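Report on the structure given below.
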Amino acid sequence: MHVDAPTDHKDYLHRAGRTARAGEAGVVVTLATSKQQTAVRGLTSRAGVYPKFVDVRPHHAELVSITGSREPSGIAYVAPVTASDGPRRSGKPRPRSDQRRRRPR
């Protein structure tokens with residue numbers, strides 16, 4: 001789903017191509033405001049794509065059907081915590097400010 005469509009047709013094709021890998025089919029949805037519609041038509045035309053344009057609002061039946069959206073489960077996703085070694089350091093102590101080398105100006 002493109003919420004902020006790219007301006008370059010090659011970028012559009014690259015993003016859209018990610019929906020269909022290894023010969024599989026896929027659907028690309030590009031959301032645009034009425035002010036963006038002309039630009040999106042030009043973008044898709046340059047990409048050789050001639051999409052179906054549909055005016056939709058939130059929860060519109062066509063948008064729900066195309067995207068497969070569904071009501072949220074209400075169960076929060078909690079990412080697993082991974083152990084961290086902390087920040088990577090060279091092992092050398094940092095020199096104190098009065099010991100740092102000064103570069104000539």
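Under full-length UniProt numbering, the first residue of the sequence shown carries the number 1, and numbering increases by one thereafter.
Glycine included, every Cβ here is placed at the ideal spot set by N, Cα and C.
Small disclaimer: the values here were computed from a predicted structure and weren't measured.
Inter-residue spacing [alpha-carbon to alpha-carbon] between residue i and residue j
{"i": "Ala5", "j": "Ile66", "result": "18 Å"}
{"i": "Met1", "j": "Asp11", "result": "14 Å"}
{"i": "Thr7", "j": "Val49", "result": "14 Å"}
{"i": "Gln36", "j": "Gly26", "result": "24 Å"}
{"i": "Ala16", "j": "Gly74", "result": "30 Å"}
Identity of the residues DSSP links to residue i by a beta bridge
{"i": "His2", "result": "Thr30"}
Best match in the options for proximity to residue i [C-alpha to C-alpha]
{"i": "Leu31", "options": "Lys92, Gly74 and Val54", "result": "Val54"}
{"i": "Ser69", "options": "Val29, Arg18 and Ala16", "result": "Val29"}
Inter-residue CB distance, residue i and residue j (contact presumed, cutoff 8 Å)
{"i": "Ala47", "j": "Leu13", "result": "5 Å"}
Does the segment 38–58 come within contact of the segment 69–79, defined as at least 3 CB pairs closer than 8 Å?
-> no
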